[in-house]
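Trainee: Take the position in the sequence shown, starting the count at 1, then add 17; the result is the number in the working numbering. C-beta atoms are modelled at their ideal positions from N, C-alpha and C, and glycine is treated no differently.
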Amino acid sequence: MKFINPVLIAALSVSVVGFSANVRSADTKTATFTINATFTAPSCDISIPTQFYSLGTLTPGAAKKHSPLEIKWTCAGNIPVKTAIKGSVSQGQLESSNDKLQMLLTKDSQPNGTYLWLENNNTPVKLTGQDSDAFCSDSTATIGERQCVITPVTEVHNTDQFGPVKAAVTFEVIYP
């Protein structure tokens, strides 16, 4: 029988214990970071054939559809995008129906009683400036020039104040 040196046994024991103490599971560390990005729709240029559209002479007691007006817009970058148009009243008094406005007397900017509204496909256009009231919407994302035809309609009452009148509507391209 062979005797093993007690010092050698003690040294082997310490080595195994020391080795096993160094072999332990590593602590898992995590870090979270947020990446923000803004995806912007391509800018669109909108055009109307004229800055001023004359309704001509209005006749009391009559409603009249005027010549159609074509709005065109083209979006940059040949990127397919779905668009629509929204309108808001810049000058005039919007009625509670949100699709008619009273025109203003040029001399004092007071409503004169004459109504103006815009129709697209014989449907009055809401002029609230809200995206939910947009019109001439693309059915699918597309590229290239779009167009929308609107028809101004006026209604003049016998009690309306006579004189030059004005109204202004601002159109914007939106991305529904």
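Report yes if the C-beta distance between residue 173 and residue 75 is below 8 Å; otherwise report no.
Mentor: Yes, these two residues count as a Cβ contact at 8 Å.
Trainee: Give the list of continuous beta strand (DSSP E) stretches no shorter than 3 residues that lie fully inside the region 93 to 129.
Mentor: Counting whole runs of 3 or more residues, the region 93 to 129 contains the beta strand (DSSP E) stretches 101 to 108 and 118 to 122.
Trainee: Which one or two residues does DSSP pair with residue 142 in a beta bridge?
Mentor: DSSP lists no partner for residue 142.
Trainee: Quick check on DSSP: helix, strand or coil for residue 164?
Mentor: DSSP places residue 164 in strand when its eight states are reduced to three.
Trainee: Would you check if the distance between the CB atom of residue 129 and the CB atom of residue 62 is smaller than 8 Å?
Mentor: Contact: no.
Trainee: Please state the DSSP three-state secondary structure of residue 62.
Mentor: Residue 62: strand per DSSP, three-state reduction.
Trainee: Spatial neighbours of residue 163 within its chain, please: C-beta separation below 6 Å, excluding the five flanking residues on both sides.
Mentor: Cβ within range, chain order: 90.
Trainee: Under the assumption that residue 88 contacts residue 148 (Cβ atoms under 8 Å), give the Cβ distance between them as a whole number of angstroms.
Mentor: Not confirmed; about 17 Å, so no contact.
Trainee: What are the residues that DSSP puts in a beta bridge with residue 187?
Mentor: Bridge partners of residue 187: 105.
Trainee: By how many angstroms is the C-alpha of residue 96 removed from the C-alpha of residue 175?
Mentor: Near 51 Å, if we compare the C-alpha coordinates of residue 96 and residue 175.
Trainee: Span of the beta strand (DSSP E) holding residue 81?
Mentor: Note, residue 81: beta strand (DSSP E), 79 to 82.
Trainee: Measuring CB atoms only, is the region 80 to 87 touching the region 97 to 108, in the sense that at least three cross pairs come out at less than 8 Å?
Mentor: No: the two stretches stay apart, fewer than three of their Cβ pairs being nearer than 8 Å.
Trainee: Going by DSSP, which residues form a beta bridge with residue 91?
Mentor: Looking at the DSSP assignment, residue 91 forms a beta bridge with 62 and 162.
Trainee: Take the Cβ of residue 186 as the centre, count every other Cβ of all protein chains shown within 10 Å, and call the residue buried at 16 or more, exposed below.
Mentor: Looking at its Cβ environment, which holds 16 or more other Cβ atoms inside 10 Å, residue 186 is buried.
Trainee: Distance, Cα to Cα, residue 46 vs residue 100?
Mentor: Answer to the nearest angstrom: the Cα atoms are 46 Å apart.
Trainee: Hey, how far is the Cα of residue 194 from the Cα of residue 93?
Mentor: With the chain covering 18 to 193 only, the question about residue 194 has no answer from this structure.
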